[in-house]
Structure formats: structure tokens, C-alpha cells
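Participant:
Residue numbers (the working numbering), protein chains in the order written: chain R, 112 to 226; chain X, 5 to 116.
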């Protein structure tokens, strides 16, 4: 079974802190994604990556950066956390192995609170 | 502008009945349409995918239809059970391998 793990389930940080959210997948997937999910707004794509060292902006990249140094790991960085970044953060991965769809496999999520 | 619309209001269905959820989209020509289930506090889980040239796809008690003329997909759960209560998300993939665009989801409650 595909497993996507995220470094924390719950995280509390202070305004201005630098925050690192880590995501690891164990299925050798090429693609990895970071979303945030807020009530009434649904899943919004922050950044995604199709390969190591590659990154693409999603719909709401402002205030975030990412790093993909290894295929299995995709990190989301909040350079200077703000209260409006309080949210549920979800990591996902997908791959196009033979006979697979492009479905995304999600991690359990990190609920980040910025005080 | 491009939009994916799902019922924003929660859907309450009596146990044993068929639950039908709707996904409408505008200004897309998706190659694939996917449905996911999300339980509170958890990440979405993939359920089914239907291709643009398929009218219907089934998996156990789940059925998905895809009407590219109406730009609509219907998601059915037959013989619904309280354990089917969750939020269901539809997602469009315009080009295979490209990013997926998610709807906001519909909350389904199956009443015992």
C-alpha cells in the first residue's frame, strides 16, 4: 500500500517563526503536492513537484516555499508564519506506473495553528 | 472562469436508500474525473476514476456517471450505510499526469 506520512499531526507556532512541514512517500512517485484546506474553501494547491529539484507554483504560493532534494521527500516552508496561515496542510503524491491512474495518495494532514 | 461545483449543503439520506451526489463543471474539458472520500481530520482517499469516453463506472455499491455534454458527473452510493457518512470530493484531470483540480466537496450524512 502507498504510504504518505507527514512529520506532525498538530503544530502550534508563533507569528514570524519559520515553519517546516515534511512529507515522505514510499512508492517512488514522481509527483508530490502540498495543499491547504480551509472550511468553505476546499483544497487549494500551494506548490507541486514533478521531479527532484523541480517545483511549480500552485494557486496560492504566496508566503510559502518548497524543497525537493530527494524523490521521496517534499518539504513545505513557511518563511515567516502569519495567523492567516492557520490551516490543515495536506501532502499528496501520485505516479503514472503501468496500469495506474493518476489518483493522488494523501497524507494524514498537519493541523497548523499560528498564534 | 473555470469552476467545479458540488452541493455545498450537506445531504441527509436514510440508511438503505441511494445517495446521489452531483459534480458540475464549467470551462474545462477533463480527460478524467475522480471521486474521493474524506473523513473528518483525515486526508482524502481515492475511490473511483472515470474517463471522458466512459459513461458509467461501478465499484461494489458505488456508481459514477460522466456526461461531457452536460458537464456533469453523478456519484451514487446504493444501499447506503451510516459508515458511508463523509465528505465526497470530485476532482478533474484535464491532461493525464497533470495536476488535479478539486471541488469543495459535499458532506453526506446517512441517517440510521
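A virtual CB, placed ideally from N, CA and C, is assigned to each residue, including glycine. Every value quoted in this text rests on a predicted model; they were computed, and no experiment measured them.
For a contact defined as C-beta to C-beta under 8 Å, what are the partners of residue 29(X) on chain R?
Facilitator: By Cβ distance, chain R contributes nothing, its closest Cβ being about 14 Å from residue 29(X), past 8 Å.
Participant: Under 8 Å Cβ to Cβ from residue 173(R), same chain only, skipping five residues before and after it: list those, please.
Facilitator: none
Participant: Let me see if you follow: with CB-CB separation under 8 Å, is residue 217(R) close to chain X or not?
Facilitator: yes
Participant: Short of 9 Å Cβ to Cβ, which residues in the stretch 189-203 of chain R face chain X?
Facilitator: 199, 201, 202 and 203
Participant: Can you list, in chain order, the residues of the stretch 173-189 of chain R whose Cβ is nearer than 7 Å to any Cβ on chain X?
Facilitator: none
Participant: Is residue 46(X) close to chain R, meaning its C-beta is less than 8 Å from at least one C-beta of that chain?
Facilitator: yes
Participant: Looking only at its chain, what residues have a beta carbon closer than 7 Å to the beta carbon of residue 83(X), apart from the 5 residues adjacent to it on each side?
Facilitator: 20 and 65
Participant: Using 8 Å as the cut-off, can you tell me whether the stretch 156-175 of chain R makes contact with the stretch 185-199 of chain R, which would need three or more C-beta pairs spanning the two stretches below that distance?
Facilitator: Counting Cβ pairs under 8 Å, three or more are found: they touch.
Participant: When you compare the CB positions of residue 54(X) and residue 33(X), do they come within less than 8 Å of one another, or not?
Facilitator: no
Participant: Just how far apart, CA to CA, sit residue 72(X) and residue 167(R)?
Facilitator: 29 Å
Participant: Going along the chain, which residues of the stretch 30-43 of chain X sit with their C-beta nearer than 9 Å to a C-beta in chain R?
Facilitator: Answer set for the stretch 30-43 of chain X: 36, 38, 40 and 42.
Participant: Are the C-beta of residue 131(R) and some C-beta of chain X separated by less than 8 Å?
Facilitator: no
Participant: Tell me, which residues are paired with residue 104(X) by DSSP?
Facilitator: 97(X)
Participant: Applying the 10 Å Cβ sphere with the 16-neighbour rule, what's the burial state of residue 123(R)?
Facilitator: exposed
Participant: Counting only beta-carbon atoms, is residue 153(R) nearer than 8 Å to chain X?
Facilitator: yes
Participant: I need the straight-line Cα distance from residue 87(X) to residue 133(R), nearest angstrom please.
Facilitator: The alpha-carbon of residue 87(X) is positioned some 31 Å away from that of residue 133(R).
Participant: Could you give the C-beta distance for residue 36(X) and residue 213(R), rounded to a whole number, given that I count them as a contact under 8 Å?
Facilitator: 7 Å
Participant: Measuring straight from C-alpha to C-alpha, what distance separates residue 89(X) and residue 113(X)?
Facilitator: 5 Å
Participant: Closer than 9 Å, Cβ to any Cβ of chain R: which residues of the stretch 85-104 of chain X, in chain order?
Facilitator: Those residues of the stretch 85-104 of chain X that come within reach of chain R (Cβ to Cβ, closer than 9 Å) are 93, 95, 97, 100, 101, 102, 103 and 104.
Participant: My assumption, with CB atoms under 8 Å, is that residue 60(X) sits in contact with residue 69(X). Please give the rounded CB distance.
Facilitator: 5 Å
Participant: Assign residue 71(X) to one of three DSSP states: helix, strand, or coil.
Facilitator: strand
Participant: List the endpoints of the continuous beta strand (DSSP E) containing residue 124(R).
Facilitator: 121-124
Participant: For a cutoff of 8 Å on Cβ pairs, would you count residue 220(R) as touching chain X?
Facilitator: It does: the Cβ of residue 220(R) has a partner Cβ on chain X nearer than 8 Å.
Participant: Taking DSSP as the reference, what is the three-state secondary structure of residue 142(R)?
Facilitator: strand
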